[in-house]
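Chains as they are written, first to last, in numbering that gives the first Met the number 0: chain A, 0 to 417; chain B, 0 to 417.
2 protein chains.
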Amino acid sequence: MAGVELVAVGTELLLGQLVDTNTPWIAQQLSATGIDVFGTHAIGDNRERIASLVRDVLARRDGAILTGGLGPTVDDLTKEAVCDALGLDTELYEAALTQMIAVFESFGRPMPENNRKQAALPRGSRPMVNPNGTAPGFIVFASDGRFVACMPGVPSEMKPMMTAQLLPWLRERFSPEASIFTRVVHTIGIGESDVDRRIENLFRESENPKIAVLAHDGRTDVKIMAKAPDSAAAERAIAPLQSEIERRLDGFVYGHDDETLATAVATSLHVAGLVVATAESCTGGRLAAAITERAGASQTYAGGVIAYDNAVKIASLGVPQPLLAQDGAVSRGVAEAMARGACTAFSAGIAVATTGIAGPDGGTPDKPVGLVWFAVAMADGTTISRQVRFRGDRIVVQTRATTYALGLLWRFLRGERD
Amino acid sequence: MAGVELVAVGTELLLGQLVDTNTPWIAQQLSATGIDVFGTHAIGDNRERIASLVRDVLARRDGAILTGGLGPTVDDLTKEAVCDALGLDTELYEAALTQMIAVFESFGRPMPENNRKQAALPRGSRPMVNPNGTAPGFIVFASDGRFVACMPGVPSEMKPMMTAQLLPWLRERFSPEASIFTRVVHTIGIGESDVDRRIENLFRESENPKIAVLAHDGRTDVKIMAKAPDSAAAERAIAPLQSEIERRLDGFVYGHDDETLATAVATSLHVAGLVVATAESCTGGRLAAAITERAGASQTYAGGVIAYDNAVKIASLGVPQPLLAQDGAVSRGVAEAMARGACTAFSAGIAVATTGIAGPDGGTPDKPVGLVWFAVAMADGTTISRQVRFRGDRIVVQTRATTYALGLLWRFLRGERD
């Protein structure tokens, strides 16, 4: 039974007081190395329950990798629990003791007596030194050869131990023939179920590479994961599938892997020789923040206005007062006037505007909470506008409206006009 | 056997491509309610393995709470696996179907056929409606009465379902005798180790309530956690400790619990009868976004400018061209001129400005990456300014600079002038 499961030990994890970032990091290292992770667990500082979980994992996998609970305090019980699970006692590892004393010396203080217990490891262990802390890690074996690896829970101690000691050992043990390589295809302007319908048969036909569809706040990603001996072989496996997926999703794909929608917009602006401005009401600065998150944003971004007050819409963006009075701030006319006004105010070639009701208050039967008008305008007067009704709380409306505005700008830059 | 275990479903979790924030959030809600969580798990989109884990959990606990894998795609298998584990088949829930069709209608498009399967739930389920998405949740029972609750994995859909539907049901089922009540004291302008030093002896003296110090992006929180049968008893335990902590941190405490720095600023503005404007360079809209995240922001926020280009600083904010040429955009003089210019441009009583080098490029020996100038100015000309050097990548600099700007505004409104 190949593969491993991961166990994070610590009652604070069960209280939700700490987000466990160790487990995803270890999982990433293992999957990139081609070692399968079949499950991950968090469990409290309870000797019996840890031992029972270790036994369960070893009944179905080749190994268990534990983090946390190796410290000197009374609620650090991982080592004792592993001994219970495997029917082992502990023995003092002189080398571990010497190294611990050296670490304390480097801190300029003597080693407290209760740290001594950290140098006692399950009999037969292969110790892993900890240059960044006092608790050594170890790998220990069940009578049938399956293994349990234990590392400290402090990320700055665990990560170097994993990279320099555990991972090389695992690579040798499993000699994985293949690693997992991932390509992500990002889309905008098409829903998850539509994406799914268009590429559904590819899921069934393809076992390697595998395909997954993931929705994020108004965007949909398609993930292609190939198991291959090296990156060239992975590319050969991924490329034809990627082409087919992109053919089926033509017009919606804005980028790959680490590329963001803001990056895609910046590239399109650069190609068109345009600098953009923003005019925001309900998104309240988030659209500008998404654009300026990128390094080098200043090359394609002039600036923006957050026109919360109608007086600002009039004074800074030149929205006509009668239009505001007649159609209201949340209207096609005002969105378009804001976008055109931003082109003028910032001497920009193109501008994008948002005006809507983020909620929770301010909705009416005609203009409910979540209703947002968007407009993109060019300095020559070419304008498009859209109306969308978003569901969810204020933050969800603001976030999705920001994504939608970037998507609309990107589609406009690709030539979409209706 | 009281208590529950949590299961997050999704192969991407085992590949470490996604940090699971649902599980800690649910754990927090449960522990606050006094319901014990004995373990948490993540598992891939594999029908057999999900079913086997559900059976294992029900063998030792009263219930399992699952998130994820309820979508319409072929790799969403949670419902099928739960049916396998409990020996049930599915039946169509008309109410769930009606609600899903309504959600699609509000999106302005017909429901794709493959979404229909989401309205089929395990026989005997108690459905949980999903006003924020298409997949309904449900609670279903084993023949011995133990339960499995399933919710969508998208946080914006899961959280409202947990709060409004699952948690009240669990509270009734478990009738916990004592819950954990938490009070968070928020501070700004004082570091974690300073907070720690000032209240250190309170940690040792107090077992219930417990105290924890947590640092977040330039702010420091003190958390007081009391185990008590009801909120009145908790309040009696927390109040004296809270007073003592606040006495020791006098001048730095801006709020409690859900109060944000933006809320504290809004309250101070309201009391002072002022409306604020923003003028941002390096924070690129994040300061405005932090202010407008609050419902009702329009009452104390006029609007803002993102003055990325120097031409915008001159045209929209009236920053003198010679000042920009002589001192550079990242300087005390420009920060102060931006704040004063924003008061004028937005007819605001007070304004806050940021100008700095977010990086990774643009640093010089004199003005390194991370250097930011801040200014607060009132319409009458009263101005304060500060220079801070932040460490970290672009996003860290932008985030911390945003927090610092809000903190400076809050301190100014409390009368700090030097």
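Glycine is no exception: its CB is placed at the ideal position from the N, C-alpha and C atoms. No experiment lies behind these values; they were computed from the predicted model shown.
Contact the segment 16 to 34 of chain B vs the segment 143 to 154 of chain B: 3+ CB pairs below 8 Å: These segments touch.
CB contact check: W457 (chain A) to chain B, cutoff 8 Å: Beyond the ends of chain A as shown, which are 0 and 417, falls residue 457 (chain A); an answer cannot be given.
Those residues which DSSP pairs with Q386 (chain A) across a bridge: Answer by DSSP bridge pairing, in chain order: A:W372.
Validate contact between the segment 273 to 284 of chain B and the segment 241 to 252 of chain B using beta carbons, cut 8 Å, 3 pairs: Cβ pair count under 8 Å is below three, so no.
Same chain only: Cβ atoms within 7 Å of A404 (chain B), ignoring 5 sequence neighbours per side: Closer than 7 Å at the Cβ level, and outside the excluded window around A404 (chain B), lie T282, L286, V351, T353 and F373.
Cβ shell of L407 (chain A) (< 8 Å), same chain only, five flanking positions each side left out: Contacts found: V351, F373, V375, I383 and R385.
Where Q325 (chain A) falls, given that 16 or more other Cβ within 10 Å makes a residue buried: Result: exposed.
Chain-ordered chain B contacts of A429 (chain A) [CB-CB under 8 Å]: Coverage of chain A is limited to positions 0 through 417, which leaves residue 429 (chain A) absent and any answer about it impossible.
Closer than 8 Å at the beta carbon, the chain A residues around G38 (chain B): Those within 8 Å of G38 (chain B) in chain A are L13, H40, A41, I42, G43, R48 and L52.
Uninterrupted beta strand (DSSP E) stretches inside the segment 314 to 380 of chain A (no shorter than 3 residues): If only complete runs of 3 or more residues are kept, the segment 314 to 380 of chain A shows the beta strand (DSSP E) at 349 to 355 and 370 to 377, in order along the chain.
T20 (chain B) CB to nearest heavy atom of the ligand GDP below 7 Å: This structure lacks the ligand GDP; in fact it carries no ligand of any kind.
Closest Cα partner of T186 (chain A) within the set A:R247, A:E199 and A:A163: Of the listed residues, the one whose Cα sits closest to T186 (chain A) is A:R247.
Members of the segment 297 to 318 of chain B near chain A, C-beta cut-off 9 Å: Of all residues in the segment 297 to 318 of chain B, only S297, Y300, A301, G302, G303, V304, I305, A306, Y307, D308, A310, V311, K312, A314 and S315 place a beta-carbon less than 9 Å from a beta-carbon of chain A.
Short CB-CB distance (under 8 Å) between N113 (chain B) and chain A: For N113 (chain B), the closest Cβ of chain A is nearer than 8 Å.
Through-space distance from D74 (chain A) to G217 (chain A), alpha-carbon basis: G217 (chain A) and D74 (chain A) have their C-alpha atoms some 44 Å from each other.
C-alpha gap between V311 (chain B) and T262 (chain A), whole angstroms: Taken atom to atom, the span from the alpha-carbon of V311 (chain B) to that of T262 (chain A) is near 23 Å.
DSSP-derived helix/strand/coil call for P154 (chain A): Helix at P154 (chain A).
Residue span of the alpha helix (DSSP H) that contains M23 (chain A), given as start and end: Inspection of the sequence shows that residue 23 (chain A) is occupied by Pro rather than by Met. Taken as a continuous stretch (DSSP letters only), the alpha helix (DSSP H) holding P23 (chain A) covers N21 to T32.
CA nearest to the CA of D220 (chain B), picked from B:N45, B:V194, B:L316 and B:G136: Comparing Cα positions, the closest option is B:V194.
Near-chain B residues of the segment 150 to 172 of chain A (beta-carbon distance less than 8 Å), N- to C-terminal order: Cβ contacts with chain B come from no residue of the segment 150 to 172 of chain A.
8 Å Cβ cutoff, A324 (chain B) in contact with chain A: A324 (chain B) does not count as touching chain A.
Nearest-angstrom Cα separation, counted from S267 (chain B) out to D88 (chain B): Within the model, the alpha-carbon separation for D88 (chain B) versus S267 (chain B) is close to 58 Å.
6 Å CB neighbourhood of F146 (chain B) in its chain, flanking five on each side removed: Correct list, in chain order: G62, I138 and F140.
Distance, S192 (chain A) Cα to R203 (chain A) Cα: Each residue's alpha carbon lies about 16 Å from the other.
P159 (chain B) - partner residues in DSSP beta bridges: Per DSSP, none; premise fails for P159 (chain B).
Where P126 (chain B) sits in the DSSP three-state scheme: Residue state, collapsed to three classes: strand.
E178 (chain B) and A26 (chain B) closer than 8 Å at C-beta: Note on identity: in this sequence residue 178 (chain B) is Ser, with Glu being the wrong assignment. Going by C-beta atoms, S178 (chain B) is not nearer than 8 Å to A26 (chain B).
Cβ of V462 (chain A) within 8 Å of any chain B Cβ: Past the edges of chain A, shown from 0 to 417, lies residue 462 (chain A), and the structure says nothing about it.
Chain-ordered residues of the segment 343 to 354 of chain B with a beta carbon less than 8 Å from chain A: Listed by position along the chain: A344, F345 and S346.
Within chain B, the residues that V395 (chain A) reaches when beta carbons sit closer than 9 Å: Ordered by position in chain B, the residues that pass the 9 Å Cβ test against V395 (chain A) are N131 and S155.
Residue span of the beta strand (DSSP E) that contains Y300 (chain A), given as start and end: It spans Y300 to I305 - the beta strand (DSSP E) in which Y300 (chain A) sits, taken as one unbroken run.
Cβ pair count under 8 Å reaching 3, the segment 1 to 13 of chain B against the segment 53 to 69 of chain B: The segment 1 to 13 of chain B vs the segment 53 to 69 of chain B: in contact.
Listed by chain order, chain B residues near F202 (chain A) by CB distance under 9 Å: Contact annotation for F202 (chain A) against chain B: T72, V73 and D74 [CB-CB distance below 9 Å, chain order].
For M224 (chain A), three-class secondary structure by DSSP: Three-state result, M224 (chain A): strand.
Status (buried if at least 16 other CB within 10 Å, exposed otherwise) for H269 (chain A): For H269 (chain A), the number of other beta carbons within 10 angstroms of its own is below 16, and it is reported as exposed.
Spatially closest choice to L76 (chain B) from B:R48, B:L91, B:V102 and B:L57, by CA coordinates: Among B:R48, B:L91, B:V102 and B:L57, the Cα nearest to that of L76 (chain B) is on B:R48.
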